[in-house]
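Structure first, commentary second.
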Amino acid sequence: MKPNVLKFSFLATALAVAAVVPMQAADAVSAATNSPAVTNQVLLDDLVNEALEKNPELNFYRAEIAAARGGRKSAGAWANPEVSAEIGQKRVKDSSGALLGEGAAWAVSVNQTFEYPGRLSLRKAIANHDIQLAELGFSQFKLALAARVRTLGYNIFIAQEKLSASREVADRFQALTEVLVQRDSAGITPVLEMRIIEASTITLQRQASGATIAAQAALLELNQLRGQPPGAAVRVTGAQLNFCASPPLETLLDIARTNAFELRIRQAELEQQGFKVSLAKNERFSGVTVGPFISEEKAGERERTIGLGVSMPLPLWNRNTGNIETAKAREQQAQTSLLVTQREIERRVTGNALALQVKLDEMGKWRADSVHKFREAAELADRHYRLGAVPISTYVELQKQYLEAVEAVLDTKKESLEAAQALEQLTGATPLVSVTTKEDAK
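Here the sequence shown stands for residues 1 to 442, numbered as in our numbering.
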């Protein structure tokens, strides 16, 4: 009898230690999200605003826009006039070689090159499209950044909720070991029950560890996007997702064909390439250089010449054929890229719209207090198991179902958020999801 009691006590002690491990994992994330450096809890919208203000990559896109505007100034500028001067000595002799006169000779001219008509306008149009592309890229990045930060912040919130549920069940398992030690340890049943709870504790430990890793990974990326040190602590305030009804699929597709940033970028590139083809054709004809000149020679007599000079190359050997063919090939590539991107956008819009609708239908079938009811059932099973009124199978199953229900609800909301934000990025339509705190939701 004593060996069984000792063995049972040893198992109870080991189980108590194992039950503490998930709590320690939860404490690790709590330490990361409840550091003294964090004075206030953070809302998802606050994280988004901070990232849009401090993300270091934003400076790259701002510089890209500035560079494009600088290129526009260069494209619209005329070539500088060219000044040339000549000076020398002139001698005049007769047929016998006798010197008739000697003096200085000089010439000065100012030349301005005028581009072929339409060329300057084409260069300006190309430069304007560079600005448009840079601004579209900047807007697309800001929209994608906001969506990514919101997703990462919600991932941290999910990890917090999962760890809270894991800690709750771990506390029950730890308290339960004290009850099992006090029960009659005669027979094999108490030992088997301990084994069942021990196995459940190991599973719980793995779930807690996975949530801890997910929270840390999301926190590291979030800090990078916010322009903060990797170890900066963040705790996300309880967030409630409120989804709006999605427009019909055909409406979403029509909006995406007009508003999708990727399509607008491809369309701008195609238009720009069309201007480049026109510019290549225009460059078959060279510019004209025009300028006044004056020259003077003094060798016995003074001779002064004033006039207007005109020069231009003759397009005999180079008609810019190679550049024209290259520009046309690039234009064909741009057309193909636009078509492929349009089909890709349509596929992604359709896929995300269907996914969002399925998730919304799934959430529509939930009871508003389903998770709360599972929590109450788990607590009820815990109390009655201690009294011996509930079998071990029912007790463990209720604890598992409670954790699985919490994970299912949170994961479904996360997937719905990702699908809704993807549609917002693809269509540029009114936001399909809003985030509020629990107090706002009430």
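Don't be surprised by glycine CBs; every beta carbon is placed ideally from N, CA and C.
Because the structure is a prediction, the values reported are computed rather than measured.
- Per DSSP, the continuous beta strand (DSSP E) segment holding residue 85 begins and ends at 82-93.
- For residue 242, the enclosing beta strand (DSSP E) starts and ends at 239-243.
- Beta-bridge partners assigned by DSSP to residue 298: 302.
- Annotation for residue 324: 277, 280, 281 and 284 place their beta carbon closer than 8 Å to its own, counting only its chain and skipping 5 residues before and after.
- In the structure shown, residue 280 adopts helical secondary structure according to DSSP, grouped into three states.
- If the five residues before and after residue 62 are omitted, its C-beta is found closer than 8 Å to the C-beta atoms of 138, all from its own chain and listed in chain order.
- Counting only the Cα atoms, residue 433 lies some 7 Å from residue 417.
- The shortest C-alpha to C-alpha distance from residue 250 to any of 346, 314 and 158 is the one to 346.
- When secondary structure is reduced to three states using DSSP, residue 396 falls in the helix class.
- For residue 64, the enclosing alpha helix (DSSP H) starts and ends at 58-75.
- Take residue 75, set aside five residues on each side of it, and the residues of its chain with a beta-carbon closer than 6 Å to its own are 123, 124 and 127, in chain order.
- Bounds of the beta strand (DSSP E) holding residue 109 are 99-114.
- Bounds of the alpha helix (DSSP H) holding residue 370 are 370-386.
- By DSSP's assignment, residue 308 forms a beta bridge with 292.
- When the beta-carbon positions are compared, residue 78 and residue 296 stay at least 7 Å from each other.
- Contact between residue 365 and residue 412 does not hold, since the beta-carbon distance rounds to 11 Å and is not under 8 Å.
- Just so you know, the alpha carbons of residue 44 and residue 376 end up roughly 29 Å apart.
- As computed with DSSP, residue 48 is found in no beta bridge at all.
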